[in-house]
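Heads up, the thing below is written out as structure tokens.
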Amino acid sequence: MIGEYARVTPAALDRALGDPEWALKLVHGWREAEAGQRPEAAPARCLDIDKAWDALGFLLRRRGFPVDIVHGEEAVPDADDWGYGPPRYLTPEQVRCAAEALAGLSGERLTSGVGPADLAAAEVYPAIVWERGEPLDYVSEHYEQLRPFFRAAADEGDGMLMWLG
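Number 1036 marks the last residue of the sequence shown (my numbering); no jumps.
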């Protein structure tokens, strides 16, 4: 399971909420276009955080993060499964709030005081990684990609679609 994101304009978000099949085609087109280019996180329309999504969710909840940037705040109505469930979304206002909170929280600070044993005990996916005692560098690296991605989305006034693929 891979955590995936797509930045969408307010108009595209409105259309996605009424036509999730259109949104899926839009996102697939962006992903294909960006796959060959490997854009930096900030200008990219799409981003995946690999299997770090559950650890990030755990760590952000632990910090009382104001927005659920892993699972989204709302479900896309009437959406089919985009991998491991239907997509969810954040409004442009929620993206802006998340970007501001991300700016004030480094990856090092996010993982401070937490080790692999804590993630294993909490049964954070993928549990086998934490049971082996892998360091949280993997999580921090993916978190640091989210920060400019959300900042760019907030600066453009975008909303966000997210799903597990």
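Just so it is clear, CB atoms sit at the ideal spot from N, CA and C, and this is done for glycine as well. Treat the numbers as computed from the prediction; the structure is a model and nothing was measured.
- In the DSSP assignment, the residues bridged to leucine 961 are Met1031.
- Per DSSP, leucine 918 is not a residue of any alpha helix (DSSP H); the beta strand (DSSP E) it occupies stretches across 917–919.
- Glutamate 964 and arginine 980 have their alpha carbons spaced roughly 25 Å apart.
- Buried is the label assigned to tryptophan 953, since at least 16 other Cβ atoms lie within 10 Å of its Cβ.
- From the listed residues Leu973, Ala969, Ile940, the smallest Cα separation to arginine 959 is found for Ile940.
- Linking alanine 988 to leucine 927 through their CA atoms gives a straight-line distance of about 15 Å.
- If you check the CB distance, phenylalanine 929 and leucine 1017 do not come in under 8 Å.
- In the three-state reduction of the DSSP assignment, arginine 934 falls in the coil class.
- If you draw a straight line from the Cα of glutamate 892 to the Cα of serine 977, it comes to about 36 Å.
- Here the C-alpha atom of arginine 886 lies approximately 8 Å from the C-alpha atom of alanine 894.
- CA-to-CA, the gap between serine 1011 and leucine 931 works out to about 12 Å.
- Taking C-beta atoms under 8 Å as the contact rule, glycine 874 and alanine 923 qualify, at a distance of about 7 Å.
- Sorting Gly935, Asp1008, Ala969 by C-alpha distance to the C-alpha of phenylalanine 1020 places Ala969 at the top.
- Glycine 1030 is positioned such that its CB atom lies closer than 8 Å to that of valine 879.
- The shortest CA-to-CA distance from arginine 1022 to any of Val985, Gly956, Gly975 is the one to Gly975.
- Bounds of any alpha helix (DSSP H) do not take in glycine 874; it lies within the beta strand (DSSP E) bounded by 874–879.
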